[in-house]
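With positions in the sequence shown counted from 1, the corresponding number in our numbering is that position plus 442. For glycine and all other residues, C-beta sits at the position ideal for the given N, C-alpha and C. Encoded as structure tokens, the structure appears first; notes follow it.
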Amino acid sequence: MADGSCTSAQTTLVDNHISAQIDALAKKNWELAFSFASASFQENIGIDQFILIINQQYVMLIENQGYQFGKCTIADDKITQQVNVKSGEQDYYLTYRLSINGTTLGIEAAVVGVADTNQNDGTPIVSKVLY
Numbered sequence: 443m444a445d446g447s448c449t450s451a452q453t454t455l456v457d458n459h460i461s462a463q464i465d466a467l468a469k470k471n472w473e474l475a476f477s478f479a480s481a482s483f484q485e486n487i488g489i490d491q492f493i494l495i496i497n498q499q500y501v502m503l504i505e506n507q508g509y510q511f512g513k514c515t516i517a518d519d520k521i522t523q524q525v526n527v528k529s530g531e532q533d534y535y536l537t538y539r540l541s542i543n544g545t546t547l548g549i550e551a552a553v554v555g556v557a558d559t560n561q562n563d564g565t566p567i568v569s570k571v572l573y
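Structural data, given as structure tokens:
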């Protein structure tokens with residue numbers, strides 16, 4: 443994979459992969475959601491720990507009221523995808539990191555930022571990063 447912006451085909455594959463995991467999380471289908479994680483994540487984090495992490499740090503994905511995809515980039519054989527998630531009265535900005543093992547995509551991590559629109563021009567800024 444060449445470094446830079448994702449191609450439209452790559453973007454579609456990445457968006458479909460992340461969408462499938464978010465939709466599975468919203469249905470609390472833990473096994474299906476876990477299956478979208480990378481092989482290395484699955485080897486190091488069991489399903490029980492995955493469920494605990496989601497319930498403690500990623501409740502906005504379970505309770506999401508919709509999401510949109512932003513920028514997709516590739517660097518050092520890793521894919522980074524921005525996802526904006528609406529949950530309750532808050533917008534969350536997630537940065538997903540994915541890897542490719544052969545022909546299989548896998549989610550390695552997601553960093554969550556909470557948007558704050560208190561700037562004069564209304565532009566969202568990340569006011570808090572959760573891990």
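Please state the DSSP three-state secondary structure of residue 550.
strand
Residue 524 lies in the alpha helix (DSSP H); which residues open and close that run?
Premise fails: residue 524 lies in the beta strand (DSSP E), 520-529, not in any alpha helix (DSSP H).
Can you find at least 3 beta carbon pairs, one from the region 548-555 and one from the region 517-536, that sit closer than 8 Å?
yes
Three-state secondary structure (DSSP) at residue 483?
helix
Could you please give the first and the last residue of the uninterrupted beta strand (DSSP E) stretch that includes residue 543?
532-543
What three-state label does DSSP hand residue 517 in the structure shown?
strand
Buried or exposed by the 16-neighbour rule on C-beta atoms within 10 Å, applied to residue 548
buried
So residue 541 packs on residue 507, CB below 8 Å; how close in whole Å?
Their Cβ separation, rounded to whole angstroms, is 29 Å, which puts residue 541 and residue 507 out of contact at 8 Å.
If we count the other Cβ atoms within 10 Å of its Cβ and call it buried at 16 or more, is residue 480 buried or exposed?
buried
Check this for me: beta carbons of residue 516 and residue 443, under 7 Å apart or not?
yes
Mapping the DSSP letters down to three states, classify residue 561 as helix, strand or coil.
Note that residue 561 has pLDDT 47, beneath the 50 cutoff, so the model's placement of it is unreliable and the number below is only indicative. Reduced to three states, the DSSP call for residue 561 is coil.
Alpha carbon to alpha carbon, how far is residue 476 from residue 535?
21 Å
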